[in-house]
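Visitor:
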Amino acid sequence: MKRIAVLTSGGDAPGMNAAIRSIVRTAIFHRLEVIGVKRGYCGLIEGDYAKMNLGSVSDVIHRGGTILGTARCRDFFNEEGRQTALLKMRQARIEGLIAIGGDGTFNGAAKLDNSGMPVIAVPGTIDNDIACTDRTIGFDTVINTVLDAINKIRDTATSHERIFVIEVMGRNSGAIALAAGLAGGAESILIPEIPLNLEQVVSNIKRGIARGKRHSIIVLAEGLANSLDITKQIEAMAQLETRLTILGYLQRGGTPTAQDRILASRMGAEAVYMLLRGERNKMVASKGDMITSVDIECALLQKKELNFQDYKLAGILSR
Ligand code: ATP
């Protein structure tokens with residue numbers, strides 16, 4: 105193998121740049137040429153390629169977003185689009201691809217691999233919703249961003265003795281809400297994986313007030329339900345002023361944490377080694393402190409389990 109390509113696809117996540125840097129520098133160290141593909145699968149189809157060198161990834165390890173750009177590309181859902189991408193890659197003498205992104209990106213990667221191009225997938229999504237890996241790149245940073253917001257909102261919640269509902273990202277997964285809620289000492293964590301019980305939420309609030317608590321923070325995952333409706337229902341049931349804060353897109357960006365930079369550096373390097381070993385249709389995964397290789401199928405066919413122990417623990421500790 106002489107020449108490989110790298111792209112980022114789907115939602116951007118902090119640490120993607122650290123992964124690109126690691127891929128480029130590991131590959132060049134092992135005498136491979138690296139092509140950077142712009143705007144995910146759209147750039148792959150259009151042949152929007154640029155050769156990368158050691159300097160291409162200078163000064164990016166601390167930057168959020170992705171220097172290659174990313175996209176959600178409709179044409180890649182079609183066989184025709186993927187065949188065009190394959191042709192363009194062959195014309196550019198690319199022999200393997202590393203695709204950094206979430207489960208949608210992995211679906212596309214698996215199809216491209218089945219059409220004849222070796223592909224290694226790297227889990228890069230803030231949602232941590234990919235099965236067969238403990239962590240995805242970007243998750244640690246988003247938890248810390250949400251935590252920072254919880255700390256600030258808690259000051260106001262305590263001063264005004266108000267209830268605050270904080271909506272966080274995560275699509276259909278409650279992983280961000282659970283981790284940030286546990287770390288932030290939230291009174292209640294509302295996630296799609298657990299049936300909604302507003303009587304329990306209100307009883308938590310009342311119990312807290314009875315023992316002298318001056319604040320109540322409820323972390324709610326975006327995938328659960330309409331957060332404004334839930335906020336209004338809590339206000340009506342508790343008969344206490346309740347405010348909603350939707351954190352939105354500020355959760356996506358920002359400088360990656362040390363953990364995300366280390367994870368991205370390790371995963372990026374491993375993806376290159378996997379291609380060099382002749383592996384294909386695989387995903388780089390983290391298991392504890394180890395980086396391993398698993399079939400992409402594992403991530404595509406299984407649903408990531410929520411950490412129910414953490415959910416129970418958060419309930420006990422917030423009393
Ligand atoms: P995130 O979890 O951060 O949103 P993602 O990788 O899941 O990231 P998607 O928008 O779902 O983001 O997917 C990214 C791109 O991957 C799509 O725009 C499309 O080009 C490609 N893709 C997704 N699903 C498929 C599929 N079933 N077949 C072919 N290509 C796909």
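In the working numbering, the protein residues as written are 105 to 423.
Built from N, CA and C at the ideal position, the CB exists for glycine as well.
Nothing here was measured: the structure is a model prediction, and the numbers come from that model.
Have a look at His134 and Val398 and give me their C-alpha separation to the nearest angstrom.
Guide: So the two alpha carbons sit approximately 23 angstroms from each other.
Visitor: Could you tell me the distance, in whole angstroms, from the CA atom of Arg176 to the CA atom of Gly114?
Guide: Rounded to the nearest angstrom, the two C-alpha atoms are 5 angstroms apart.
Visitor: Could you compute how far the alpha carbon of Leu348 sits from the alpha carbon of Leu332?
Guide: Leu348 and Leu332: Cα-Cα distance of roughly 7 angstroms.
Visitor: Would you call the segment 253-268 in contact with the segment 221-239, where contact means no fewer than 3 C-beta pairs closer than 8 angstroms?
Guide: The answer is no - the segment 221-239 does not touch the segment 253-268, with fewer than three Cβ pairs under 8 angstroms.
Visitor: Output yes or no for whether 8 angstroms exceeds the beta carbon distance between Ala279 and Leu251.
Guide: Result no, Cβ atoms of Ala279 and Leu251 do not sit closer than 8 angstroms.
Visitor: Going by C-alpha to C-alpha distance, which of Arg239, Arg125, Ala373 sits closest to Lys391?
Guide: That would be Arg239, whose Cα lies nearest to the Cα of Lys391.
Visitor: Take Thr209 as the anchor and find which of Gly200, Cys236, Phe181 has the nearest alpha-carbon.
Guide: For the residues Gly200, Cys236, Phe181, the minimum Cα distance to Thr209 belongs to Phe181.
Visitor: Could you tell me the alpha carbon to alpha carbon distance between Ile234 and Asp207, rounded to whole angstroms?
Guide: Near 7 angstroms, if we compare the C-alpha coordinates of Asp207 and Ile234.
Visitor: Report whether the distance from the Cβ of Asp207 to the nearest heavy atom of the ligand ATP is below 7 angstroms.
Guide: Checking the Cβ of Asp207 against the ligand ATP gives yes.
Visitor: Is the separation between the beta-carbon of Leu172 and that of Ile124 shorter than 8 angstroms?
Guide: Yes. Within cutoff.
Visitor: Could you work out which residue in Ser320, Asn121, Ala284, Arg275 is closest to Ile309 when comparing CA atoms only?
Guide: With distances taken between Cα atoms, Ile309 lies closest to Ser320.
Visitor: Quick one: what's Ala225 bridged to in DSSP?
Guide: Ala203, Met387.
Visitor: Helix, strand or coil, according to DSSP, for Val161 in the structure here?
Guide: Reduced to three states, the DSSP call for Val161 is helix.
Visitor: Evaluate Pro118 with the Cβ neighbour count: other Cβ atoms within 10 Å of its Cβ, from every protein chain shown; 16 or more gives buried, anything less gives exposed.
Guide: That one is buried.
Visitor: From the DSSP secondary-structure annotation, give me the bridge partner or partners of Gly322.
Guide: Looking at the sequence provided, one finds Ile at residue 322 rather than Gly. Bridge partners of Ile322: Val269, Ser292.
Visitor: For the alpha helix (DSSP H) that Asp399 lies in, which residues bound it at each end?
Guide: Per DSSP, Asp399 belongs to no alpha helix (DSSP H); it is in the beta strand (DSSP E), 394-399.
Visitor: What residues in its chain sit with their C-beta under 6 angstroms from that of Gly205, if we drop five residues either side in the sequence?
Guide: Around Gly205: Ser113, Gly114, Gly228.
Visitor: Closer than 6 angstroms by C-beta to Ala154: which residues in its own chain qualify, once you throw out the five before and the five after it? Chain order, please.
Guide: If we look at Ala154 and ignore the five residues flanking it on each side, its Cβ neighbours are Gly140.
Visitor: Exposed or buried, Tyr353, counting other C-beta atoms within 10 Å across all chains shown (16 or more means buried)?
Guide: With fewer than 16 other Cβ atoms within 10 Å, it is exposed.
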